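> Take 120 as the starting number for the sequence shown in our numbering and just add one per residue.
Don't be surprised by glycine CBs; every beta carbon is placed ideally from N, CA and C.
Please read these numbers as outputs of a predicted model, since none were measured by experiment.
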Amino acid sequence: MAANPQVIAFDVFGTVVDWYSSIAAEVDALGLGVPGGPFALAWRAGYAPAMERVRRGELPWMRLDDLHRLILDRVLAEFGIGGLDDDAKSRLNKAWHRLDPWPDSVAGLQRLKQCFVICTLSNGNLGLLTDMAKRAGLPWDCVLSAEVFQHYKPDPETYLGVARVFDLEPAQVMLAAAHQADLDGARACGLQTAYIERPLEFGPDRPKDVARDPRNTCHAVDIEDLARQLGA
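1) Using the C-alpha atoms, what's the distance from A307 back to G165?
2) Which runs of the alpha helix (DSSP H), 4 residues or longer, sit entirely within the stretch 277–333?
3) Rounded to whole angstroms, what's the CA-CA distance from C238 to E177? Just pull it up for me.
4) Identify the continuous alpha helix (DSSP H) that holds F129 and give its terminal residues.
5) From the DSSP output, read off the bridge partner residues of I142.
6) What do you get for E197, buried or exposed, if any count of 16 or more other CB atoms within 10 angstroms of its CB means buried?
7) What does DSSP give as the partner residue(s) for P220 in the beta ladder?
8) Nearest by alpha-carbon distance to E316: which of F235, E343 and H187 is it?
9) Taking three-plus beta-carbon pairs below 8 Å as touching, is the stretch 228–235 in contact with the stretch 184–201?
10) Tell me the rounded alpha-carbon separation between R210 and L294.
11) Quick check on the DSSP output: the alpha helix (DSSP H) that includes V237 runs from which residue to which?
12) Note the first and the last residue of the continuous beta strand (DSSP E) segment covering H338.
13) Closer than 7 Å by C-beta to D144: which residues in its own chain qualify, once you throw out the five before and the five after it? Chain order, please.
14) When burial is assigned at 16 or more other CB atoms within 10 Å of the CB, is D324 buried or exposed?
15) As a quick exercise: from D219, L149, H187 and L240, pick the residue whose alpha carbon is nearest that of I200.
16) Pull up the distance between the alpha-carbon of V146 and that of W162, whole angstroms please.
17) For R334, which residues in the same chain have their Cβ closer than 7 Å to its Cβ, ignoring the five residues on either side in sequence?
18) Confirm, please, whether the CB-CB distance from A265 to T249 is below 8 Å.
19) Out of curiosity, what's the CA-to-CA distance linking E288 and K232?
20) Looking only at its own chain, which residues have a Cβ that is under 6 Å from the Cβ of A255, when we skip the five neighbours before and after it?
21) Could you pull out every unbroken alpha helix (DSSP H) segment of at least 4 residues lying fully inside the stretch 165–214, listed in chain order?
22) If the criterion is Cβ atoms closer than 8 Å, does the pair Q348 and V236 meet it?
23) For a quick check, are the C-beta atoms of W180 and Q269 less than 8 Å apart?
24) On the CB-based measure, 16 or more other CB atoms within 10 Å of its CB, does D341 come out buried or exposed?
25) Classify V262 as helix, strand or coil using the three-state DSSP reduction.
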């Protein structure tokens with residue numbers, strides 16, 4: 120294994136927090152007449168295409184909160200949901216600020232924090248990530264976001280930006296994520312990579328393939344396991 124990194128940057132949605140269960144529960148609680156799980160999946164499915172529209176210049180740069188709202192308006196129409204005013208839509212859109220952590224996340228991050236600098240590297244905007252961390256008790260040393268770099272992952276500017284922020288070589292930074300495409304982007308920029316298994320990220324009816332990829336520096340069942348592997 121390579122020498123331990125100095126900084127571990129974490130993807131957040133799906134890796135540290137359980138977006139599917141959290142969004143589904145909020146939608147169910149609103150009594151909109153549709154099941155929360157499919158609604159959550161449809162909302163999330165609009166995420167990558169919306170960011171690609173920004174990359175192509177079809178949309179100006181905007182925070183993920185604003186992209187989430189664009190997607191929400193479309194998904195509400197697709198599910199035939201009407202009658203929500205702008206305030207109600209804004210409250211629902213901020214459900215992404217209120218995502219619950221996976222059971223191992225807080226304890227695992229606290230262990231890693233004793234030995235490493237830990238930060239976010241998320242497409243979520245700064246306000247979203249800060250609200251989420253405050254509510255969930257996520258003990259970040261630093262909150263970094265696509266908003267800082269004006270690029271969404273997997274653009275190289277995001278991964279290399281973390282190294283620049285901390286004045287490190289890319290190989291001294293590790294990205295921890297539950298998404299191989301994210302790790303592929305980081306690895307291509309010279310970062311170490313740690314895969315975190317989250318087989319139920321998309322809910323119990325859509326289990327993920329969490330097979331080991333030997334290109335990653337670490338493969339961990341959860342964040343506490345990653346801490347153990349790194350000696351924290």
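With the structure as the only source:
1) Spanning the two alpha carbons is a distance of roughly 26 Å.
2) Counting only runs of at least 4 residues, the stretch 277–333 fully encloses the following alpha helix (DSSP H) elements, listed from N- to C-terminal order: 299–307.
3) Note on geometry: alpha-carbon atoms of C238 and E177 lie some 31 Å from one another.
4) Careful: F129 lies outside any alpha helix (DSSP H), inside the beta strand (DSSP E) at V126 to F129.
5) Its beta-bridge partners do not exist; DSSP assigns none.
6) E197 comes out exposed.
7) P220 is bridged to V136.
8) Ranking the options by Cα distance to E316, first place goes to E343.
9) Contact between the stretch 228–235 and the stretch 184–201 is absent, because fewer than three Cβ pairs lie under 8 Å.
10) Just so you know, the alpha carbons of R210 and L294 end up roughly 31 Å apart.
11) The sequence given here has Ile at residue 237, not Val. DSSP places I237 outside any alpha helix (DSSP H); the residue lies instead in the beta strand (DSSP E), whose first and last residues are V236 to S241.
12) C337 to A339 is the span of the beta strand (DSSP E), which, as asked, contains H338.
13) Before going further, note that residue 144 is Ala rather than Asp in the sequence given. Here the set comprises G155.
14) The residue is exposed, with fewer than 16 neighbouring Cβ atoms inside 10 Å.
15) Checking every option, the nearest Cα to that of I200 belongs to L149.
16) As the crow flies, the alpha-carbon of V146 is around 11 Å from that of W162.
17) Closer than 7 Å at Cβ, skipping near neighbours: R306.
18) Taking 8 Å as the cut-off, the Cβ atoms of T249 and A265 do not count as close.
19) Going from the Cα of E288 to the Cα of K232 covers about 20 Å.
20) Short of 6 Å from the beta carbon of A255, and not among the five residues preceding or following it, lie these beta carbons of its own chain, in chain order: P220.
21) With a minimum length of 4 residues, the continuous alpha helix (DSSP H) runs that stay inside the stretch 165–214 are 166–174, 183–197 and 205–212.
22) Result no, Cβ atoms of Q348 and V236 do not sit closer than 8 Å.
23) Against a cut-off of 8 Å, the Cβ pair of Q269 and W180 comes out as a contact.
24) Its Cβ being crowded by 16 or more others within 10 Å, D341 is buried.
25) V262 falls in the strand class under three-state DSSP.
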